[in-house]
Every structure is written in structure tokens, then in C-alpha cells.
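Peer 1: Quick note: the sequence shown uses the working numbering, first residue 4, plus one each step. In this text, a Cβ means the ideal position worked out from N, Cα and C, and glycines have one as well. Since the structure is predicted, the reported quantities are computational estimates derived from the model, not experimental observations. Quick one: the structure is below, questions incoming.
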Amino acid sequence: MKHLLSCLVTVCIAVIPAVTRAQRPVTDECIIRTFTSAITVQTDSALDINETITVDCGTLADKHGIFRILPTQAATPQRRTPVTLASITDETGKSYHYERISDWIDKTETWKIGDPDVTITGLHIYNLRYRVDNAVALTASGTELYWNLNGNFWELPIESYRAIITFPDGITSATTQPTIYSGTSGTTSNTSASVMWTEPRTITVTSLRPLEAKEGITIKASLPNSIFTPYTDRILDRKPIVLGIWTGFVLVILIIGYTIWRRYRRDQRVDKTEVVEFAPPHNLRPLELGMVETYGTIRPSHIAATIVDLAVRGYLTIEAIPKQGIIGNADWRITQTTKPTKELKSFEQRIVRELFSRTEPNKKTTLLSLHDDTFYQSLPKVEQQAMQELKPLNLFPPEKNATNTLLTILLILVIILSTSAILYL
Numbered sequence: 004m005k006h007l008l009s010c011l012v013t014v015c016i017a018v019i020p021a022v023t024r025a026q027r028p029v030t031d032e033c034i035i036r037t038f039t040s041a042i043t044v045q046t047d048s049a050l051d052i053n054e055t056i057t058v059d060c061g062t063l064a065d066k067h068g069i070f071r072i073l074p075t076q077a078a079t080p081q082r083r084t085p086v087t088l089a090s091i092t093d094e095t096g097k098s099y100h101y102e103r104i105s106d107w108i109d110k111t112e113t114w115k116i117g118d119p120d121v122t123i124t125g126l127h128i129y130n131l132r133y134r135v136d137n138a139v140a141l142t143a144s145g146t147e148l149y150w151n152l153n154g155n156f157w158e159l160p161i162e163s164y165r166a167i168i169t170f171p172d173g174i175t176s177a178t179t180q181p182t183i184y185s186g187t188s189g190t191t192s193n194t195s196a197s198v199m200w201t202e203p204r205t206i207t208v209t210s211l212r213p214l215e216a217k218e219g220i221t222i223k224a225s226l227p228n229s230i231f232t233p234y235t236d237r238i239l240d241r242k243p244i245v246l247g248i249w250t251g252f253v254l255v256i257l258i259i260g261y262t263i264w265r266r267y268r269r270d271q272r273v274d275k276t277e278v279v280e281f282a283p284p285h286n287l288r289p290l291e292l293g294m295v296e297t298y299g300t301i302r303p304s305h306i307a308a309t310i311v312d313l314a315v316r317g318y319l320t321i322e323a324i325p326k327q328g329i330i331g332n333a334d335w336r337i338t339q340t341t342k343p344t345k346e347l348k349s350f351e352q353r354i355v356r357e358l359f360s361r362t363e364p365n366k367k368t369t370l371l372s373l374h375d376d377t378f379y380q381s382l383p384k385v386e387q388q389a390m391q392e393l394k395p396l397n398l399f400p401p402e403k404n405a406t407n408t409l410l411t412i413l414l415i416l417v418i419i420l421s422t423s424a425i426l427y428l
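Rendered as C-alpha cells:
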């Protein structure tokens, strides 16, 4: 009898610390006591998931609820895994208050569960029902389920986790042998969970020890190709309300831009009666006429027309130089006459100076090819001087600059909205 009592005392001493370690006492920290997932794998490559999470907040102050974070893009292989939430309730079926947060950069969706005006203590049960599309990857190398069962985003420790995964008909222990990984993100080994077939189409994954914050359990299973149909990623199925709002914004901006263009930038309709003009209005030069047509923007063709006009008016002579040999190029020799240039407008004088800026002081002859890579540098100054000649004539609408600026802003808004919509969706 004494020997029996001694054995019982020894067993009690050994068991009591183990029980104490198995469940943390109620303290001023938040702990997930139990976490159970019921996952049904559908033939359309989706997962229907029901989660029951029992959280013990003890006497922790200022705690309002929990965060459930799910990935919306898989990495193996990279693809979208849209998440659709059905409900978040307590054990009685009463809905919890929650806020949905989508992270475009990290490709995650967060459910911030709990009332921001109400603090909680003690035990609370959260039942989550949601669907994950495109969870089963159909690739050229085969069909595979690769899914983090509990998630690596938890800031809370998990004392006990269990997942019951049900496959469609045709998937049994004879066709599929799942692999489990456990630990922090990126771990390729398993020391924290077990997996076994418990029914013909059902496997159960169970944690072997408490999981610390950021630790997860991932399942990988190769599946028969013929059972699953690929997921169709349609834009309208992603976020129809958000897509509609974005589309509305873009349409409104485009309508505003078109209205402004039609009012201020479009060529106004004129009487079809033709009036013969024997000379340019206001004695405008070719470059000025071109800039009026382009709303103040200078183009290379304007410079070419000005050089020809200066030759017609006797300030320059232009001589064609034929192509020399097989690999030679035709060119033009431009020579300045002795006619004084003081009568020319300021931008014309600058063009003449630039043409002969690379010649010797007493040699007023140049080749057009010498200016192919340099003449463009003088265009801003020529444009500025030409605009000074044109402004007093009031040939440009007073709203031109403001209109250009507004149209540019609207275009930038359209680009930003379109880009952000693509990233978000």
C-alpha cells in the first residue's frame, strides 16, 4: 500500500506542472484558447471556411476585439485569391461589429472585429464564415492546394489549433498525401502539427504544441487534375461597388475635360463664306502663323518656313548641294546677304544669328547639316521672343494657359485613378 501511494504522489507531481503548462492562467494578456477551422474544398477551386475562435482576454484593459488577416494573393504560384466574407458572429449567432481594411501593398484583407466604443475581458467566441476563390492552383505542373490554415499574422498566441479539411469526391488517402509545414513564415519543416486521414474524404490537422504569435500551419497537397475547374478572374467580380465608383469618377473627369476642350480648345465654327486674304493678317511671319495654329508651341517646320521666307525676302540665299557618292547625303548651303537685318523681328534676328554662330566672323556661309544637333537649343528663346510679338495682337484666348493647366490636371487624375484601381482590384 505504501508503495502504491508513493507511485500516485509521484504521478501527481509529474502531471500537475504539465497541466499548468498546457493552459496559461488568466492574466492581463490576450490568448486564443482554441482555434478550429472547418474547410471544404470545392471543385471550382474555392475554399468555404468556417472558423471558431475562442479568445481569452483575461483582465486586459482597453481590449476591443481581434484582427483576422487573410492574404488576397498567393505566392506559390503567384495568383489572386479573392476573399468574400459571409458573416462574423458570436456563439449565439449575434453579429459582431467589424471594419474591413484592404491593403493594396501587402495584398491582404483585414477584419477589425469589435466595437471601438466597448472594451472586453474574459472569454469571447468568434465564428467567421468566408470563401476564398482560386485557392486551388491549376498550373502546367499539376493541381495543388497550398494554404496557410490559421495564418501567420496573429499577434496572439494560440494554445490549441485544429483544422478539419473535407475534399470533393474522388480525393482520398489513395490519391493524395498532404504535407504540413509549421512555424514562422517561410518555414519548410514541421515540428508543431500532425495530419491524418480521419474519414474517406477528410483529413484532420492538429497542433502538437501551443503556437506563438506569428506562427502558422500550412498544408500542401497535390490533387487530381480532372476534378477541379480553373478560377475565372473577372474584373467585375472583384469589387463591383468600388469598380463602379472608380468608373464614375473617371467618366465625370473625361466629360469635364471634353467640355473644356470643346469650349476653349476646339476650333470654332465659322461662316462658310470664303474671304480672300492676299497677305497674312497683321503682317505675321510664317513662324508666327504656325504658332497661332499650335496655340503658342514652336515646331521645327516653323523654323524651316522662316528660313525660306528670309531667303524670299532677300536676307539669305539657299543653294542645294547634291548627294556626293554612294554614302553621302544631300545638304543645303545657306549664305547671308548684305541686306541689313535690323528690320527683322527679334525672333528672326535670333534665327539668323544662330545659323551663323559657328562660322568665322567674316564668313557668312553655313551648311544646314551643321545645325542638326545644336539648333534645337535655341528654340525656347525663339519661342519666347515670338510670343512677345504675338501677345499684343490678342490672337490667343485669354483662357489658354489656364485651360492647358486644367486639362493636364484632369489627365493626371485619370491616370492616378486608373492605376490605383488596377492595383486595388
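When you compare each of 394, 262, 358 to residue 377 by their alpha carbons, which one comes out closest?
Peer 2: As a first step, residue 377 is located in the sequence shown; it is residue number 374 there, counting from the start. Minimum Cα distance to residue 377 is reached at 358.
Peer 1: Between the Cα of residue 224 and the Cα atoms of 374, 303, 315, 183, which residue gives the shortest distance?
Peer 2: The residue you call residue 224 lines up with position 221 of the sequence shown. The shortest Cα separation from residue 224 among 374, 303, 315, 183 belongs to 183.
Peer 1: Check whether the segment 48-57 touches the segment 123-141, taking contact to mean three or more Cβ pairs, one atom from each stretch, closer than 8 angstroms.
Peer 2: Verdict: yes, contact present.
Peer 1: If we count the other Cβ atoms within 10 Å of its Cβ and call it buried at 16 or more, is residue 106 buried or exposed?
Peer 2: The count along the sequence shown starts at 1 and reaches residue 106 at position 103. Taking every protein chain shown into account, the CB of residue 106 has fewer than 16 other CB atoms within 10 angstroms, so this residue is exposed.
Peer 1: Grab the span of the beta strand (DSSP E) containing residue 219 for me, first residue to last.
Peer 2: Mapped onto the sequence shown, residue 219 falls at position 216. Annotation: the continuous beta strand (DSSP E) that includes residue 219 extends over 219-226.
Peer 1: Based on the DSSP output, what are the partners of residue 163 in its beta bridges?
Peer 2: By 1-based counting over the sequence shown, the position of residue 163 is 160. Under the DSSP definition of a beta bridge, residue 163 partners with 37.
Peer 1: Along the alpha helix (DSSP H) that carries residue 309, what are the first and last residues, could you check?
Peer 2: The count along the sequence shown starts at 1 and reaches residue 309 at position 306. Residue 309 -> alpha helix (DSSP H) spans 303-315.
Peer 1: Going straight from the alpha carbon of residue 284 to that of residue 248, what length do you get?
Peer 2: Here residue 284 refers to the residue found at position 281 of the sequence shown. Here residue 248 refers to the residue found at position 245 of the sequence shown. Distance between the alpha carbons of residue 284 and residue 248 is about 50 angstroms.
Peer 1: When you compare each of 171, 291, 323 to residue 387 by their alpha carbons, which one comes out closest?
Peer 2: On the sequence shown, position 384 is the one that residue 387 refers to. For residue 387, the nearest C-alpha among the options comes from 291.
Peer 1: Could you tell me which residues DSSP puts in a beta bridge with residue 74?
Peer 2: Against the sequence shown, residue 74 aligns to sequence position 71. Bridge partners of residue 74: 111.
Peer 1: If contacts are defined as beta-carbon pairs under 8 angstroms, then residue 185 and residue 220 qualify, I think. What distance do you get, rounded to the angstrom?
Peer 2: Numbered from its first residue, the sequence shown carries residue 185 at position 182. Numbered from its first residue, the sequence shown carries residue 220 at position 217. That belief holds up - the Cβ atoms of residue 185 and residue 220 are roughly 5 angstroms apart, short of 8 angstroms.
Peer 1: Look up residue 371 in the DSSP assignment and say whether it is helix, strand or coil.
Peer 2: Start at 1 with the first residue of the sequence shown, and residue 371 comes out as number 368. DSSP places residue 371 in helix when its eight states are reduced to three.
Peer 1: Quick check: what's the CA-CA separation for residue 344 versus residue 318?
Peer 2: Taking the first residue of the sequence shown as 1, we reach residue 344 at position 341. Taking the first residue of the sequence shown as 1, we reach residue 318 at position 315. Those two C-alpha atoms are separated by around 7 angstroms.
Peer 1: Could you compute how far the alpha carbon of residue 348 sits from the alpha carbon of residue 415?
Peer 2: Sequence index remark: in the sequence shown, residue 348 carries index 345 (1-based). Sequence index remark: in the sequence shown, residue 415 carries index 412 (1-based). Distance between the alpha carbons of residue 348 and residue 415: 38 angstroms.
Peer 1: Would you say residue 227 and residue 174 are within 8 angstroms of each other, going by their C-beta atoms?
Peer 2: Residue mapping note: residue 227 aligns to position 224 of the sequence shown, counting from 1. Residue mapping note: residue 174 aligns to position 171 of the sequence shown, counting from 1. Yes.
Peer 1: Any chance you could list the beta strand (DSSP E) runs of at least 3 consecutive residues sitting entirely within the segment 315-371, in chain order?
Peer 2: The qualifying runs are 319-324, 334-339, 368-370.
Peer 1: Which residues in the same chain as residue 313 place their Cβ atom closer than 6 angstroms to its Cβ, once the five residues preceding and following it in sequence are excluded?
Peer 2: Against the sequence shown, residue 313 aligns to sequence position 310. Taken in chain order, the residues that qualify are 319.
Peer 1: Starting from residue 196, follow its DSSP beta bridges and name the residues at the other end.
Peer 2: Taking the sequence shown and counting its residues from 1, the one referred to as residue 196 is at position 193. 210.
Peer 1: First and last residue of the beta strand (DSSP E) that includes residue 81?
Peer 2: The residue you call residue 81 lines up with position 78 of the sequence shown. Looking at the DSSP string, the run of the beta strand (DSSP E) that includes residue 81 is 81-83.
Peer 1: Counting along the chain, where does the alpha helix (DSSP H) carrying residue 295 start and finish?
Peer 2: Looking up residue 295 in the sequence shown gives position 292. Looking at the DSSP string, the run of the alpha helix (DSSP H) that includes residue 295 is 289-296.
Peer 1: What residues are listed by DSSP as bridge partners for residue 52?
Peer 2: Locating residue 52 in the sequence shown gives position 49, counting from the first residue. For residue 52, which the question treats as bridged, DSSP gives the partners 42, 133.
Peer 1: State buried or exposed for residue 117, treating a residue as buried only when at least 16 other CB atoms are found within 10 Å of its CB.
Peer 2: Counting from 1 along the sequence shown, the entry for residue 117 is found at position 114. Residue 117 comes out buried.
Peer 1: List the endpoints of the continuous alpha helix (DSSP H) containing residue 385.
Peer 2: Your numbering for residue 385 matches position 382 in the sequence shown. If you look at residue 385, you'll find it in the alpha helix (DSSP H) that goes 382-393.
Peer 1: Which two residues bound the contiguous beta strand (DSSP E) that contains residue 140?
Peer 2: Within the sequence shown, the letter at position 137 stands for residue 140. Where residue 140 is concerned, the enclosing beta strand (DSSP E) stretches over 139-142.
Peer 1: Please classify residue 121: does DSSP put it in a helix, a strand, or coil?
Peer 2: In the sequence shown, counting from the first residue as 1, residue 121 sits at position 118. Of the three classes helix, strand and coil, the one that applies to residue 121 here is coil, per DSSP.
Peer 1: Looking at residue 138: is its Cβ nearer than 8 angstroms to the Cβ of residue 40?
Peer 2: Working through the sequence shown from its first residue, we reach residue 138 at position 135. Working through the sequence shown from its first residue, we reach residue 40 at position 37. A distance of 8 angstroms or more separates the beta carbons of residue 138 and residue 40.
Peer 1: Have a look at residue 191 and residue 222 and give me their C-alpha separation to the nearest angstrom.
Peer 2: In the sequence shown, the residue the question calls residue 191 occupies position 188. In the sequence shown, the residue the question calls residue 222 occupies position 219. About 11 angstroms.
Peer 1: Just to confirm, is the Cβ distance from residue 146 to residue 112 under 8 angstroms?
Peer 2: As a first step, residue 146 is located in the sequence shown; it is residue number 143 there, counting from the start. As a first step, residue 112 is located in the sequence shown; it is residue number 109 there, counting from the start. Cβ atoms of residue 146 and residue 112: not closer than 8 angstroms.
Peer 1: Take residue 430 as the anchor and find which of 196, 397, 169 has the nearest alpha-carbon.
Peer 2: Absent from the model: residue 430. The displayed extent of the chain is 4 to 428, so no value can be given.
Peer 1: Reducing DSSP to helix, strand and coil, say where residue 414 ends up.
Peer 2: Working through the sequence shown from its first residue, we reach residue 414 at position 411. Helix at residue 414.
Peer 1: Name, in chain order, the residues that DSSP records as bridge partners for residue 150.
Peer 2: Counting from 1 along the sequence shown, the entry for residue 150 is found at position 147. 222.
Peer 1: Quick check on residue 229: does DSSP put it in helix, strand or coil?
Peer 2: One-based indexing of the sequence shown puts residue 229 at position 226. Residue 229 falls in the helix class under three-state DSSP.
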